[in-house]
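Have a look at the structure below before the remarks.
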Amino acid sequence: MSQTIFQIQSTVIVLIMTMGIIQRKKRNIHVPLMVLAIFWDIVLVLQIELTRSAIAKASQALQNPMILNIHVSLAVSTVLLYFVMLYTGRKLLKEGPSIKPLHSKIGKITYILRLATYITSYFVVLR
Ligand code: HEM
Numbered sequence: 057m058s059q060t061i062f063q064i065q066s067t068v069i070v071l072i073m074t075m076g077i078i079q080r081k082k083r084n085i086h087v088p089l090m091v092l093a094i095f096w097d098i099v100l101v102l103q104i105e106l107t108r109s110a111i112a113k114a115s116q117a118l119q120n121p122m123i124l125n126i127h128v129s130l131a132v133s134t135v136l137l138y139f140v141m142l143y144t145g146r147k148l149l150k151e152g153p154s155i156k157p158l159h160s161k162i163g164k165i166t167y168i169l170r171l172a173t174y175i176t177s178y179f180v181v182l183r
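For the sequence shown, the working numbering puts the final residue at 183, and the numbers step up evenly by one.
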């Protein structure tokens with residue numbers, strides 16, 4: 057049951073992030089959508105950890121199926137890149153466009169990693 061609730065939240069987060077990227081030229085839309093998606097995603101990770109001791113399971117990397125290790129690595133990388141996106145996004149707002157190419161490049165990588173996390177989550181859940 058909680059698994060379904062996690063997957064629904066994850067789907068909504070990916071959709072919000074996709075809308076935010078489509079609207080990337082409109083700051084008044086892009087910024088709130090991306091901040092919402094990032095914070096909700098971090099809250100989702102906390103929910104999964106608190107209900108399923110995900111960190112304890114994930115840290116047994118040698119005993120875990122390969123797909124779970126891949127999924128966890130993708131998820132951790134995504135959350136780390138969220139902090140880079142918050143940092144470069146804030147800088148872009150405050151100090152102007154010089155950091156825009158970096159924000160854009162890391163933004164694309166972050167989005168691809170989030171999609172890969174989403175896709176692999178189904179294989180982890182179905183086992
Ligand atoms: C995962 C999160 C994010 C992704 C994937 C992302 C992605 C992007 C992309 C691809 C662009 C277009 C850059 C270009 O036109 O060359 C952009 C622009 C921008 N982003 Fe983000 N972003 C994210 C989060 C944020 C956050 C958290 C903020 C603010 C705190 C932010 C602020 C901006 C601003 C101000 C622009 C420039 C908009 C303009 O063209 O005037 N972004 N972002």
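C-beta atoms are modelled at their ideal positions from N, C-alpha and C, and glycine is treated no differently.
Small disclaimer: the values here were computed from a predicted structure and weren't measured.
Chain-order list of residues whose beta-carbon lies under 6 Å from that of residue i (same chain, five-residue window excluded)
i, result
"A114", "V128"
"L100", "Q65"
"M73", "A93"
"S58", "T107"
"W96", "I69"
"I85", "Q79"
Residue j beta carbon less than 8 Å from that of residue i
i, j, result
"F62", "I104", "yes"
"Y167", "I77", "yes"
"V70", "L171", "yes"
"K156", "L149", "no"
"T176", "I123", "yes"
"V87", "G145", "yes"
"L169", "S133", "yes"
Residue i: CB within 7 Å of a non-hydrogen atom of the ligand SAM
i, result
"T166", "For the structure depicted, the ligand SAM is absent and the ligand set comprises only the ligand HEM."
Anticipated Cβ contact below 8 Å, residue i with residue j, distance rounded
i, j, result
"N125", "A117", "5 Å"
Spatial neighbours of residue i in its chain, beta-carbon cut-off 7 Å, leaving aside the 5 residues before and after
i, result
"I165", "L137"
"V180", "I123, L124 and H127"
"G163", "M141"
"M75", "L89"
Buried versus exposed call for residue i [16 or more other C-beta atoms within 10 Å across all chains shown]
i, result
"T60", "exposed"
"L158", "exposed"
Spatial neighbours of residue i in its chain, beta-carbon cut-off 8 Å, leaving aside the 5 residues before and after
i, result
"T67", "Y174"
"R83", "L149"
Next item on the list: Tell me the start and end of each unbroken beta strand (DSSP E) in the stretch 78 to 125 that is at least 3 residues and wholly inside, in chain order.
Entry: Counting only unbroken stretches of 3 or more residues, no beta strand (DSSP E) element lies wholly within the stretch 78 to 125.
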